[in-house]
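Trainee: The following block contains the structure, expressed as structure tokens.
Chains as they are written, first to last, in my numbering: chain R, 60 to 588; chain V, 774 to 1400.
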């Protein structure tokens, strides 16, 4: 059995099989990216916050555009070389194509990396601060957690005296973290009181399952979980049987009545059933001795002074400690959202800014804003000549380039041209520009409204940016893998059936053009608009 | 399987590379033969259908007897631990009902009907009908089955997780679905996330499948098989392929975005200021749009209905001419209708969203297109009906199902009209009327079409007929029970029964016993129907056993088919040996005429197959341009 039209085209359609397939596949890809671009339009039109405009680094994006266009050309040359049976030239052109893909992904990786390390916080009054978080330091050296990672200063600290675990839902890695942290801090987590329960049917008095003072361990929690689940199953079976019995009685007592008419009177006689039921241990409390400060990622905890709750149901008793969010370098201050909220309420933007928490509490912000207002006056005069006005973003946002210019003008801090060029790719150069340009700032926890890295979580713009470019990046990787397969493992097929290999390169090339085309849309939409 | 071996041997005489026996695993498990893959799809899909049916039986208990513990004959399947977690004193809880409801819909649509129609029938029959040796990309075909199976297993495995399976309806609307199972720390172990991962697998599978189908139909048609000589079945599969190809990607986009919402804490579908009882004010940026999810979902969702339906149309359209011994009436109009249907199905999606406040202009547009799309469907169904007229109908087992399909689907289709108008929809939206309408289309409609298809092609697959007696025992109770279940739904729906009442409405009764709707109907009048409908559902389940017995026993003990073309049919699949071997045809066939040449006055027999050469035809040259 052999499938026709793998290599030669069918006469009436003029196509070989995989060419039809790739066009169909691309049609579905158009629908996929079409879905995302429609989502972009929908989200942007419906955004109820200032949509970030022109926030991405244009230079690497522009380079990537030309890199991809170039590779689209070379992939055609590679295909043409195969058609002319010039293997060496095919290798060269395909090599360039794959190398272009590599450049693209490296630039993309740098861009992503910068974003993932850039912290943003929206204060309760909707003013926004951006920058780079500090790490916890002991003297000159950063403190490491038990896994050997540096600890970012964006944690919530609770001076914990008691931990109550949910025996079903407790999250094992978190329990392990409690144990190692406690060990580091010379504290012990031990059972607060005897755990007693009726674990077997017919037991007269509760048996002691575990004695007070037993140390916390995963095995121990697992044991309690087993007891809990066994008791739950046991009780469930008895209660079900009892309810069935009640319904038989109820139907006999109420002939002709509908279920819903008598349902409220049908209940399990819990007292009669009680001797048969077991105790379900659903929570277990441990005391931390001596009370120790544990840290939690903000997303994992609903913090409150006295009693906080973790996402897995663990209750943490203890005093909430000061848990500021410490920016090692502040590199942007943004009042756009605050102004938007103020205008909606009929408050003058400048009044709202002057009343914001940042203006009242940060001399740096006051100084920067004063400089910025002067700059805006100059800008307004310049633009007035052309009958234009500054944009909302120009008026109310101080980006890192503004702060750098301010420092250069006022303090004379200059950096080299090479460093400036690097900044186009890697963002602000904190080391070279120093703390006078990007100062440290400590934000009290209660002022934090919403905080996130420049990740999909920060807002829907970054969400759609990461999703579209991420998916596009996956396409680049996939395409590059396939093309490199032809490059490095194509020789055998070239020798036996070069036309077939040329067909494969052709459809690989068609895909590659599509990947390029998507980027042609992505670049202006996400980087320039 | 003796005839299979001879086919294989005869075939191998020409192709030396296939000498060795592929071995059990490669022949039955990792097969790349379209017929074996079709059967794998069919068996897997039927297992999922049975499972989805079972979920529904539990739900029907909760609707009929919400205060009583689940009876042992239904609950024995669960472990004690599972029962203790998900049943409260043996009763189905609202949470469990939601879980079963969401998974019932998902399993039936994505894991049952689509794979059965497109995957099983499409795979088995399409290449045979166009005279191809296999699909254009056999290994891709295999991959698409395995990705489907993995996706299905991922979804169903979530029943055993602490969080349980997805509970936000088969439509998975955000923000509800974005929050569900938020308490689970490792999101990859949450049912709601598993649902999305499973769905991404299923979409990938459909994508591979549809590319393969369309390529096969365009490029592998045998000599003489021009477009207008293709059986209607193939046309329907072509359109289904395009629907899957173009409608699924936007849902994939939605799925990826919802996955980002769940795992990456983004806010694609999460509006600003979302507050929940369990989490308080959401720790999210907000700014997203729940409506966006609905648009993307229904952009798939509506074409998906036709993905379900067209394979059933396809089966019935093949069965009717064979059993009436006359050509399919209006073949060309049916072909054009199915193309128009395919196109229009892309522009009707928002009729599922009249209640979202899209605005009158948008609603009017979608109301118009929705009414328009009923035209091609009616053309097809009418053509089928007229095909019966004046035929010498043989009531063979497949024909019984096909004949039942037409009125059942008719009810399903006509009950859709009031839903198409947004004024009427205001009243009927989210009531049992919608459930009744949709299930009339899918259960007695599409499933009957598939039963017909199984009975029709069974002799080709096995060389034996399925039992007529067992079929009677299966058919009549199924027909009666289907109507017992679904017709009362229409009545209940008009009386205002909400589709998500897990207790069948008696919690509502307890609060508002005397409330009456505009028709003067009340919940109290109609609540007793619940019991009858549930009884109907359970009875129907019992009678499906006859089908399973029939399917399994006829394989070995059924009446033998006397020839390769036991129904005296005209399309190319009957030109193959029985069962068709790897490579399908002993000699490459040539198509000389249209697909439904029955009762031609110029022929001795009442059928003239596509592959029989005209008496004075010149011998066909072997084309030189292929290999």
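Yeah, the Cβ is synthetic: ideal placement off N, Cα and C, and Gly gets one too. Keep in mind that this is a model prediction, so the values were computed, not measured.
Starting from the Cα of residue 1108 of chain V, find the closest Cα among V/939, V/1009, V/1182, V/1336 and give me that residue.
Mentor: V/1009
Trainee: So is residue 193 of chain R in contact with chain V if we call contact Cβ pairs under 7 Å?
Mentor: no
Trainee: With distance defined between alpha-carbon atoms, name the residue in V/828, V/1345, V/1116, V/966 nearest to residue 851 of chain V.
Mentor: V/828
Trainee: Please list, in chain order, the residues of the segment 1018–1033 of chain V that have any C-beta partner in chain R closer than 9 Å.
Mentor: 1018, 1019, 1020, 1021, 1022, 1023, 1024, 1025, 1026, 1027, 1029, 1030, 1033
Trainee: Relative to the C-alpha of residue 1337 of chain V, which residue among V/1234, V/857, V/1198 is closest?
Mentor: V/1234
Trainee: Quick check on the burial criterion: 16 or more other C-beta atoms within 10 angstroms. Buried or exposed for residue 346 of chain R?
Mentor: Result: buried.
Trainee: Is residue 383 of chain R near residue 192 of chain R, with beta carbons less than 7 Å apart?
Mentor: No, these two residues do not count as a Cβ contact at 7 Å.
Trainee: May I ask which residues mark the beginning and end of the alpha helix (DSSP H) holding residue 868 of chain V?
Mentor: 867–879
Trainee: Helix, strand or coil for residue 1273 of chain V? Go by DSSP, reduced to three states.
Mentor: coil
Trainee: Between residue 478 of chain R and residue 484 of chain R, what straight-line distance do the alpha-carbon atoms span, to the nearest angstrom?
Mentor: 10 Å
Trainee: Just the Cα atoms here: how many angstroms apart are residue 1386 of chain V and residue 1084 of chain V?
Mentor: 30 Å
Trainee: Please report the distance separating the alpha-carbon of residue 280 of chain R from that of residue 990 of chain V.
Mentor: 60 Å
Trainee: Can you list, in chain order, the residues of its chain with a C-beta nearer than 7 Å to that of residue 81 of chain R? Leave out the 5 residues immediately preceding and following it.
Mentor: 566, 569, 570
Trainee: Within 10 angstroms of the Cβ of residue 331 of chain R, are there 16 or more other Cβ atoms? Answer buried if so, exposed if not.
Mentor: It counts as exposed.
Trainee: If you drop the 5 nearest sequence neighbours on each side, which residues of the same chain put their C-beta closer than 6 Å to that of residue 270 of chain R?
Mentor: 253
Trainee: If I'm right that residue 237 of chain R touches residue 353 of chain R with Cβ under 8 Å, what's the distance once you round it to whole angstroms?
Mentor: 7 Å
Trainee: For residue 232 of chain R, which of helix, strand or coil comes out of DSSP?
Mentor: helix
Trainee: What does DSSP give as the partner residues of residue 388 of chain R in its beta bridges?
Mentor: Answer by DSSP bridge pairing, in chain order: R/191.
Trainee: Please tell me whether residue 586 of chain R and residue 115 of chain R are closer than 7 Å, where the distance is taken between their beta carbons.
Mentor: yes
Trainee: Could you please give the first and the last residue of the uninterrupted beta strand (DSSP E) stretch that includes residue 376 of chain R?
Mentor: 374–379
Trainee: Consider the Cβ of residue 836 of chain V: report whether some Cβ of chain R lies at a distance smaller than 7 Å.
Mentor: no
Trainee: Tell me, to the nearest whole angstrom, how far the beta carbon of residue 1123 of chain V is from that of residue 1069 of chain V; I am working on the premise that it is less than 8 Å.
Mentor: That belief does not hold up - the Cβ atoms of residue 1123 of chain V and residue 1069 of chain V are roughly 11 Å apart, past 8 Å.
Trainee: Kindly provide the ranges of any alpha helix (DSSP H) runs that are 4 or more residues long and lie completely inside the segment 380–445 of chain R, ordered along the chain.
Mentor: 395–404, 408–413, 416–420, 422–444
Trainee: Whose C-alpha, out of R/420, R/439, R/258, is nearest the C-alpha of residue 268 of chain R?
Mentor: R/258
Trainee: Could you work out which residue in V/1236, V/915, V/1144, V/797 is closest to residue 980 of chain V when comparing CA atoms only?
Mentor: V/915
Trainee: On a CA-only basis, which of R/425, R/453, R/77 is nearest residue 438 of chain R? Give me that one, please.
Mentor: R/453
Trainee: Taking only the alpha-carbon atoms, compute the straight-line gap between residue 1115 of chain V and residue 1032 of chain V and give it to the nearest angstrom.
Mentor: 29 Å
Trainee: Measuring only between beta-carbons, confirm whether residue 455 of chain R sits less than 7 Å from chain B.
Mentor: The displayed structure is made up of protein chains R and V, and chain B is not among them.
Trainee: Please check if any C-beta of chain V sits within less than 7 Å of the C-beta of residue 549 of chain R.
Mentor: no
Trainee: So with CB distances below 8 Å, who are the chain V contacts of residue 83 of chain R?
Mentor: 983, 984, 987, 988, 1018
Trainee: From the DSSP secondary-structure annotation, give me the bridge partner or partners of residue 360 of chain R.
Mentor: R/369
Trainee: Rounded to the nearest angstrom, how far is the Cβ of residue 386 of chain R from that of residue 190 of chain R, given a contact under 8 Å?
Mentor: 4 Å
Trainee: Please report the straight-line C-alpha distance between residue 564 of chain R and residue 151 of chain R, rounded to a whole angstrom.
Mentor: 14 Å
Trainee: Could you pull the start and end residues of the beta strand (DSSP E) that residue 900 of chain V belongs to?
Mentor: Where residue 900 of chain V is concerned, there is no enclosing beta strand (DSSP E), although the alpha helix (DSSP H) it sits in stretches over 896–902.
Trainee: Are residue 1059 of chain V and residue 1040 of chain V closer than 7 Å when you measure CB to CB?
Mentor: yes
Trainee: Strictly by DSSP, which residues pair up with residue 1289 of chain V?
Mentor: V/1295
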